[in-house]
Amino acid sequence: MPPEPSENRELNSSRWFAPDSLRGFGHRSRLKGMGYDDEDFRGKPVVAILNTWSDLNTCHSHFPERVKEVKRGIWQMGGFPVEIPVMSLGEMMMKPTTMLYRNLLAMETEEVLRCHPIDAAVLMGGCDKTVPAMIMGAISADRPAIFLPAGPMLKARWKDQTLGSGSDAWKYWDERRAGNLCDESWGQIENCIARSAGTCMTMGTASTMSAIAESMGFTLPGASSVPAVIAEHSRLAVATGRRAVEMALTDLRPSSFLTPASFDNSIVTSMAIGGSTNAIVHIIAMARRAGIELTLERFDELSRTTPVLANIRPAGKFLMEDFFDSGGLPALLKELGSHIDGTCRTVNGFTLAENVAAAEVIDADIIRSLDNPISATGGTFVLRGNLAPSGCVIKPTAASPRLLDHTGPAVVFDDYAQLKAQLNDPASNITADSVLILRNAGPQGGPGFPEWGMLPIPDHLLKQGVRDLVRISDARMSGTSYGTCVLHVAPEAAVGGPLGLVHNGDLIQLNVEQRSLNLLVDEEVLAERRKAWSPREARYKRGYGAMFLKHVTQADAGCDFDFLHHGADTPDPDIF
Ligand code: FES
């Protein structure tokens, strides 16, 4: 049973509103100046709604309505709702990459929760980085917090085709470059591929991270799969507001339910849904905020034993709306059985097992059973070798089987600008056997760890019918991307990693089954090249970018800032 609210608990907000002091007078009088009276807020839990809405975050365009619904739930339970805008991080409009700003939103979330009269928070996010960022901040602030996912867009249709945002944009762009798609068709796809408010409707990073939030216990049951614009999503928003008040009254903080098993559950979930490779970086970062040292080895262990059950693009066939109609994440978690630790507690006060007990799979092709998986092992593999001593990742379910064991000559691009300039240059001499290398695209090199890891296929190969090549980079790739792309190579080239030592024509050996990635060049030769290597000039010399470059950690450590990991307590604002 969920814990009973304690009426005697002293609310954090009462330190602002209860004292008979000049400051208490000031706090109360200013709320009254906004039109509230004592009945609205005195002695009531203050629930903050941290809202990542903006006109430039296309995935959160329904949030103004959802905020009203969350507030309705908070009022219903006797709470006092306050809306606080925080950095929006809309994936589609920000350059160079939202990943440059994930830690900034995490810091903002943490500090907003700490410095205001807040007893609990509803975290409204969904578009990729907003999910880990808000959860990282809430873990560090350790205030009661519940996550409300934006939910995926509805499925898109073009002619007789069902379209998934992201994945089909890449696919049809390649067809256009191959000369197979006219202007009119391309325009029709542009008009229909984003069919509604909500996040990308494939199992991209947004849907992956929302599923991870649910499996860690940060949402109401089933919240991560509900499409953004259906009535259930409105009711979810109201219910989330109601629950946030109960969490305030019972002081249900992240530290009271997050355990190492919660993070294992998040890894197993991301593997079983065939989720985005980006999840690895974000899960490590969230765990470290909680003082739990997750390493790539743990991902590798769990990927070897976790089957992929969700038949969702880009690793499968269907879309998020189908996943929801088929039972959503609760049905998948129930199907996973003992792969999940059902004893972990969640924000609704129940355990994960209790939350999914009544779930059922409606379509066994969309949510597969353990004896009929999409793939017997997990959706993301961790590789190592002399090209990636600290590890790298690949999503084999989104790769071409013929390339999973491949040795080929390197074609090296020193940075993204060179890639764009020279990809289609015949002098680059790219063939179907080539291994494309992009370096200086990692956390420091990008900078900001952009999603450039699905390097484009050159036009001449597209015209020959080639749709995949082995591609290796220290970048990330979008969760909606696909192909034989080795990502997150660590350490990255910009800090002296071996990726920076590769020359055109060097043989690269990829063996996914053996989890290996090697540069077939003698160590003596590499030692000579290492002596000749020197770092590039830092791109940012001032401002947030300079702080990012000074403090961001490598991919295998989660790319958080080194000073934000779990550690010494931050002073309470009341001591000043
Ligand atoms: Fe926002 Fe894909 S662009 S989730």
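Letter by letter, the sequence shown follows residues 723 to 1298 in my numbering. Heads up, the beta-carbon is just placed ideally off N, CA and C, and yes, glycines get one too.
ask   = First and last residue of the beta strand (DSSP E) that includes methionine 1269?
value = Counted from its first residue, the sequence shown places residue 1269 at position 547. Not the beta strand (DSSP E): methionine 1269 falls in the alpha helix (DSSP H), residues 1265-1273.
Which residues share a DSSP beta bridge with asparagine 773? Mapped onto the sequence shown, residue 773 falls at position 51. Answer is Pro807, Met846, bridged to asparagine 773.
request  = Figure out for me which residue from Leu1229, Val1217, Val990 has the closest Cα to the Cα of methionine 938.
outcome  = Mapped onto the sequence shown, residue 938 falls at position 216. The candidate whose alpha carbon is nearest that of methionine 938 is Val990.
| aspartate 1278 to glycine 1113 span [Cα, whole Å] | By 1-based counting over the sequence shown, the position of residue 1278 is 556. By 1-based counting over the sequence shown, the position of residue 1113 is 391. When rounded, the separation of the alpha-carbon atoms in aspartate 1278 and glycine 1113 is 7 Å.
**Chain-ordered list of residues that sit, by beta carbon, closer than 5 Å to a heavy atom of the ligand FES** = The answer, residue by residue, is Cys781, Glu813, Met814, Cys849, Thr921, Cys922, Ala928.
_Quick check: alanine 863 and arginine 836, are their CB atoms within less than 8 Å of each other?_
What you label residue 863 is simply residue 141 of the sequence shown in a count that begins at 1. What you label residue 836 is simply residue 114 of the sequence shown in a count that begins at 1. Taking 8 Å as the cut-off, the beta carbon of alanine 863 is found closer than this to the beta carbon of arginine 836.
Checklist line | Range of the contiguous alpha helix (DSSP H) that encloses arginine 1011 | finding: Position 289 of the sequence shown holds residue 1011. Looking at the DSSP string, the run of the alpha helix (DSSP H) that includes arginine 1011 is 1000-1011.
Which same chain residues, not among the five before or five after leucine 667, have their C-beta less than 6 Å away from its C-beta? As displayed, the chain neither begins before 723 nor continues past 1298, which places residue 667 out of reach and without an answer.
Under the DSSP definition of a beta bridge, which residues are partnered with histidine 1128? Taking the first residue of the sequence shown as 1, we reach residue 1128 at position 406. Answer by DSSP bridge pairing, in chain order: Leu1232.
Got a sec? Which residues, its chain only, sit under 6 Å from leucine 1051 by beta carbon, not counting five neighbours each side?
Residue mapping note: residue 1051 aligns to position 329 of the sequence shown, counting from 1. Taken in chain order, the residues that qualify are Ala933, Glu936, Ser946, Ser947.
*asked:* Does the contact criterion of 3 or more C-beta pairs under 8 Å hold for the stretch 908-921 versus the stretch 879-890?
replied: Contact between the stretch 908-921 and the stretch 879-890 is present, because at least three Cβ pairs lie under 8 Å.
Q. By a C-beta neighbour count over all protein chains shown, 10 Å radius and 16 as the cutoff for buried, is alanine 961 buried or exposed?
A. Counting from one through the sequence shown, the residue named residue 961 turns up at place 239. By the 10 Å Cβ count, alanine 961 comes out buried.
inquiry  = I'd like to confirm the pairing. Which residues does DSSP put opposite glycine 1164 in its beta bridges?
reply    = The sequence position of residue 1164 within the sequence shown is 442, counting from 1. Glycine 1164 is not bridged to any residue.
task = Assign threonine 1027 to buried or exposed, taking buried as 16 or more other Cβ atoms, counted over all protein chains shown, within 10 Å of its Cβ.
result = What you label residue 1027 is simply residue 305 of the sequence shown in a count that begins at 1. Exposed is the label assigned to threonine 1027, since fewer than 16 other Cβ atoms lie within 10 Å of its Cβ.
Point to revise | Same chain, Cβ closer than 7 Å to phenylalanine 763, five either side skipped, listed in chain order | key: Stepping through the sequence shown from its first residue, residue 763 is reached at position 41. Non-local C-beta neighbours of phenylalanine 763 in its own chain, meaning closer than 7 Å and more than five positions away in sequence, comprise Phe739, Leu753, Phe802, ordered along the chain.
- Query: In its own chain, which residues sit with a C-beta less than 7 Å from the C-beta of histidine 1273, not counting the 5 before and 5 after it?
  - Reply: Within the sequence shown, numbered from 1, the residue matching residue 1273 stands at position 551. Closer than 7 Å at Cβ, skipping near neighbours: Phe1283, Asp1284, Phe1285.
request  = Please report how far the alpha carbon of threonine 1102 lies from the alpha carbon of glutamate 1076, in whole angstroms.
outcome  = Counting from 1 along the sequence shown, the entry for residue 1102 is found at position 380. Counting from 1 along the sequence shown, the entry for residue 1076 is found at position 354. Cα-Cα distance, rounded: 28 Å.
Around the Cβ of aspartate 1155, are there at least 16 other Cβ atoms within 10 angstroms (buried) or fewer (exposed)?
-> As a position in the sequence shown, residue 1155 is number 433, starting the count at 1. Looking at its Cβ environment, which holds fewer than 16 other Cβ atoms inside 10 Å, aspartate 1155 is exposed.
query: With a cut-off of 8 Å, does the C-beta of tryptophan 908 fall near any C-beta of chain D?
result: This model lacks chain D altogether, as it is built from one protein chain only.
Return the chain-ordered list of same chain residues with a C-beta closer than 8 Å to the C-beta of glycine 757, the five sequence neighbours on each side being excluded.
Position 35 of the sequence shown, counted from the first residue, corresponds to residue 757. Closer than 8 Å at the Cβ level, and outside the excluded window around glycine 757, lies no residue.
Q. Among Met815, Thr941, Asn825, which has the Cα closest to the Cα of proline 871?
A. Indexing the sequence shown from 1 puts residue 871 at position 149. Closest option to proline 871, Cα to Cα, is Thr941.
TODO: Please look up how many angstroms separate the CB atoms of tyrosine 1138 and alanine 1163, rounded, as I've assumed it's under 8 Å.
DONE: Here residue 1138 refers to the residue found at position 416 when the sequence shown is read from its first residue. Here residue 1163 refers to the residue found at position 441 when the sequence shown is read from its first residue. The pair is a contact, with the Cβ atoms about 6 Å apart (cut-off 8 Å).
| message | When you compare the stretch 981-990 with the stretch 1057-1072, are there three or more beta-carbon pairs, one atom per stretch, that lie closer than 8 Å? | response | Three or more beta-carbon pairs drawn from the stretch 981-990 and the stretch 1057-1072 are found closer than 8 Å, and the two stretches are therefore classed as touching.
Buried or exposed for asparagine 734, going by 16 or more other Cβ atoms inside 10 Å?
Walking along the sequence shown from the start, residue 734 turns up at place 12. The residue in question, asparagine 734, is buried, as its Cβ has 16 or more Cβ neighbours within 10 Å.
Fill in: isoleucine 771 classed as buried or exposed, judged by whether at least 16 other C-beta atoms fall within 10 angstroms
Stepping through the sequence shown from its first residue, residue 771 is reached at position 49. Classification for isoleucine 771: buried.
- Query: Can you give the Cα-Cα distance for serine 977 and isoleucine 861, rounded to whole angstroms?
  - Reply: The residue given as residue 977 occupies position 255 in the sequence shown. The residue given as residue 861 occupies position 139 in the sequence shown. Distance between the alpha carbons of serine 977 and isoleucine 861 is about 7 Å.
- Query: Would DSSP call asparagine 1094 helix, strand or coil?
  - Reply: Here residue 1094 corresponds to residue number 372 of the sequence shown, with the count starting at 1. For asparagine 1094, the secondary structure class from DSSP, reduced to helix, strand or coil, is coil.
In this structure, does DSSP put glutamine 1140 in helix, strand or coil?
By one-based count along the sequence shown, residue 1140 stands at place 418. In the three-state reduction of the DSSP assignment, glutamine 1140 falls in the helix class.
Q.
So the candidates are Arg1261, His1128, Pro1293; which of them puts its Cα closest to the Cα of valine 1234?
A. Taking the first residue of the sequence shown as position 1, residue 1234 is located at position 512. Valine 1234 has its Cα closest to that of His1128, out of Arg1261, His1128, Pro1293.
Please classify glutamate 1019: is it buried, with 16 or more other beta-carbons within 10 angstroms of its beta-carbon, or exposed?
The sequence position of residue 1019 within the sequence shown is 297, counting from 1. Under this definition glutamate 1019 is an exposed residue.
Report task. With a cut-off of 8 Å on the beta carbons, I'd call aspartate 1196 and asparagine 1146 a contact; round off their distance for me. Result -> Stepping through the sequence shown from its first residue, residue 1196 is reached at position 474. Stepping through the sequence shown from its first residue, residue 1146 is reached at position 424. The beta-carbon separation of aspartate 1196 and asparagine 1146, rounded to 23 Å, does not stay under the 8 Å limit for a contact.
Report task. Would you mind working out which of Tyr1204, Glu805, Asn779 sits nearest lysine 851, comparing C-alpha positions? Result -> Mapped onto the sequence shown, residue 851 falls at position 129. For the set Tyr1204, Glu805, Asn779, the Cα lying nearest the Cα of lysine 851 is the one of Asn779.
(message) Please classify glycine 755 as buried or exposed, where buried requires at least 16 neighbouring CB atoms within 10 angstroms.
(response) Along the sequence shown, one-based indexing puts residue 755 at 33. Taking all protein chains in view, the Cβ of glycine 755 is surrounded by fewer than 16 other Cβ atoms within 10 Å, so the residue is classified as exposed.
By Cβ distance below 6 Å, which residues in the same chain neighbour serine 736 in space, the five residues on each side in sequence not counted?
-> In the sequence shown, the residue the question calls residue 736 occupies position 14. No residues qualify anywhere along the chain.
Exercise for the section: Indicate the three-state DSSP secondary structure (helix, strand or coil) for arginine 1198 in the structure shown. Expected result: To locate residue 1198, count along the sequence shown from 1; it is residue 476. Secondary structure of arginine 1198 (DSSP, three-state): coil.
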